[in-house]
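Structure record follows, encoded as structure tokens.
Chains as they are written, first to last, in our numbering: chain A, 8 to 291; chain B, 7 to 416.
Written out as structure tokens, the structure is:
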């Protein structure tokens, strides 16, 4: 008996208590950290398989925003004469499409992540948050590739970035958190109601027109700008344009409103996702 | 005595009926809301919920290998899923001391587009191994699976067997303190199954704790010292492997008894139907057949096999003459010292010769209900050393004038 007691003191194994789900939740930072290698593998897997068996591979990451930019420049710019505030149309549109395309695909991937990985979810334990988190993070690779294209365009048009470019990581982080926050809600809903899958394309489309992608937010009267900022992507996209090209206004009330909304969506999303997490293996 | 590494108390899991099989569409929720007022009250509560597991309590000690047996849908997998944290219990709790690895499926996380090598890393990480750990074991894993040549081609080009082997190889190199395994050894060819079973034995001998679900009783017998029989969400019996398996098999047989068998056939042990209760009971197999033409110079083969299809004993009768019409045959066996359990009787009847010299096979059938042997076990108390027969033995030490019998409990 004393021998085992001593053994227990020397190498006390962690005790795990499995209980019915409680009504409280917390962000499982510790657990996510413990599973960081799995997170890394999920991201790695997503990147590896994204362009498998495509002829031009990662070139799609550039082609998609580039072709969209051409179409927008032609129709909204040359034909509809939407004001770009003096910027060349390609720069005006591409600087907005960078965060938007990232956001749209990250949101789409995050929404489908639980359903697509249902085999995993029903067969093995890991913090479920790792799934939407990894799909949001793996989209950053495409973002990076398409950003290189933007640098080339800046050089072509001879536009020199100002110190405002240092703000870029802040806006990027906000885009990530927005995609994650909304993605958590939709992923959880999608696990229970498959209708989400059909709603999502419309949502993304409407959302784009509700964001300053094809137009500048200067179209919105200044006193309503903060209200417009309740759409977090408005703050993100306007911020991208401003920090990269100097067009528009530095972050102000609109940005603060966006940041507040993102935080609320994210916290709510984590809570809802956690609540769903306790039953998801029974439902998907 | 070592400490309990798994402690389960009053565990229960309730499912909403229907929830488990399919997801909901919003349409269903709306439809339900619309029809709700028209449904009879009170009916709902009892019908919509199902306890997959109820009031389950047990302990597993350090280094024990425990088998979980029971019919499909009895709750075995639900129990494993709760212990491996895939789903949460509705009531009660479980305490686990140590790192848990669970293996509910072979090939969890495999992706067909990735190469074998990439899948080893991915699947390893998903099962809870660190990147370094996988790196160290990588060669052993590939070697165990025997797929070196293909390891850098996408998994979708692997044969199913190769995929299974690779998947199990990854899982087999998982080294948690507690391993939860669900019916995964049922895959692959016989030789690979043997290899897997050997690996599991190796793991159990290294002092790790294993909880193992299987429908194959030979696997349970080989691996487990103790068995929990789960029936309708509750523990029906818990105890030594041989004892619980025998009880389980007897009950199984009763359940399937009516449905099979072409020729009517009946076991008869004087006074007990198809059950042998005393070692010395004479057994009479009474066969009833309907013959359209007479059998001459025929052959009747009678074999007894156990639940793992191992042939225990067989008899052959040559130059059998049976007239046409409804006939009764009786095969008398003075005693049948088989271990407690359920056995199957296989019969074959040939006309004009036997199976070797072009006899005409008339009928081949399986006895229903099977033979139940319910005698007192008199062999080794540890299942894996007890063998297939049940015959008493005694040990004498003449110098001390003592006699010990092998009968358990005396």
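We treat Cβ as the ideally placed atom computed from N, Cα and C, and that holds for glycine.
The residue among A:84, A:51, A:201 and A:148 with its C-alpha nearest the C-alpha of residue 128 (chain B) is A:51. Taking a Cβ-Cβ cut-off of 8 Å, the neighbours of residue 288 (chain A) in chain B comprise 87, 92 and 93, given in sequence order. Assigned with DSSP and collapsed to three states, residue 85 (chain A) falls in helix. Taking 8 Å as the cut-off, the Cβ atoms of residue 223 (chain B) and residue 313 (chain B) count as close. Taking a Cβ-Cβ threshold of 7 Å, the residues of chain B close to residue 28 (chain A) are 94, in chain order. Under the Cβ criterion of 8 Å, residue 137 (chain B) is counted among the residues facing chain A. Taking the C-beta atoms as reference points, residue 86 (chain B) is found no nearer than 8 Å to residue 59 (chain B).
Listed by position along chain A, the residues whose Cβ is nearer than 9 Å to that of residue 221 (chain B) form an empty set, because the closest Cβ is around 18 Å away. Under the DSSP assignment, residue 138 (chain A) falls in the alpha helix (DSSP H) whose first and last residues are 137-164.
Following the DSSP letters along the chain, one finds residue 169 (chain B) inside the alpha helix (DSSP H) bounded by residues 166-178. For residue 309 (chain B), the uninterrupted beta strand (DSSP E) run begins and ends at 301-311, by DSSP. Counting only runs of at least 4 residues, the stretch 69-142 of chain B fully encloses the following alpha helix (DSSP H) elements, listed from N- to C-terminal order: 82-89 and 122-132. Separation of the CB atoms of residue 360 (chain B) and residue 368 (chain B) is rounded to 12 Å, and the pair is thereby denied contact status at 8 Å. In this structure, the CA atom of residue 211 (chain B) is about 20 Å from the CA atom of residue 245 (chain B). Taking 8 Å as the cut-off between beta carbons, the residues of the stretch 99-117 of chain B near chain A are 99, 100, 101, 102, 103, 104, 105, 106, 108, 110, 111, 114, 115 and 117, in sequence order.
Within chain B, the residues 119, 120 and 160 have their CB atoms less than 9 Å from the CB of residue 59 (chain A), given in chain order. Residue 21 (chain B): not part of any alpha helix (DSSP H); member of the beta strand (DSSP E) spanning 10-22, first to last residue. C-alpha of residue 189 (chain A) to C-alpha of residue 111 (chain A): approximately 11 Å in a straight line. Contact of residue 131 (chain A) with chain B is assigned, a C-beta pair being separated by under 8 Å.
Of all C-beta pairs linking the stretch 77-85 of chain A to the stretch 151-171 of chain A, fewer than three are shorter than 8 Å, placing the two stretches out of contact. For residue 97 (chain B), the closest Cβ of chain A is nearer than 8 Å. Residue pairing of residue 110 (chain A) in beta bridges, as defined by DSSP: absent, with no partner found. Residue 367 (chain B) has B:356 as its beta-bridge partners, per DSSP. Following the DSSP letters along the chain, one finds residue 331 (chain B) inside the beta strand (DSSP E) bounded by residues 331-339. Chain-ordered, the chain B residues with CB closer than 7 Å to the CB of residue 285 (chain A) read 94. In the structure shown, residue 147 (chain B) falls within a helical segment according to DSSP collapsed to helix, strand and coil. The C-beta of residue 132 (chain B) comes closer than 8 Å to at least one C-beta of chain A. Taking each of B:218, B:153 and B:201 in turn and checking the Cα distance to residue 184 (chain B), the smallest one comes out for B:218.
In this structure residue 377 (chain B) touches residue 282 (chain B) by the C-beta definition: roughly 7 Å separates them, less than 8 Å. Using a Cβ distance threshold of 8 Å, residue 194 (chain A) and residue 280 (chain A) count as a contacting pair. Counting along the chain, the unbroken alpha helix (DSSP H) around residue 128 (chain A) starts and ends at 125-130. For residue 73 (chain A), the closest C-alpha among the options A:199, A:217, A:221 and A:153 is that of A:153.
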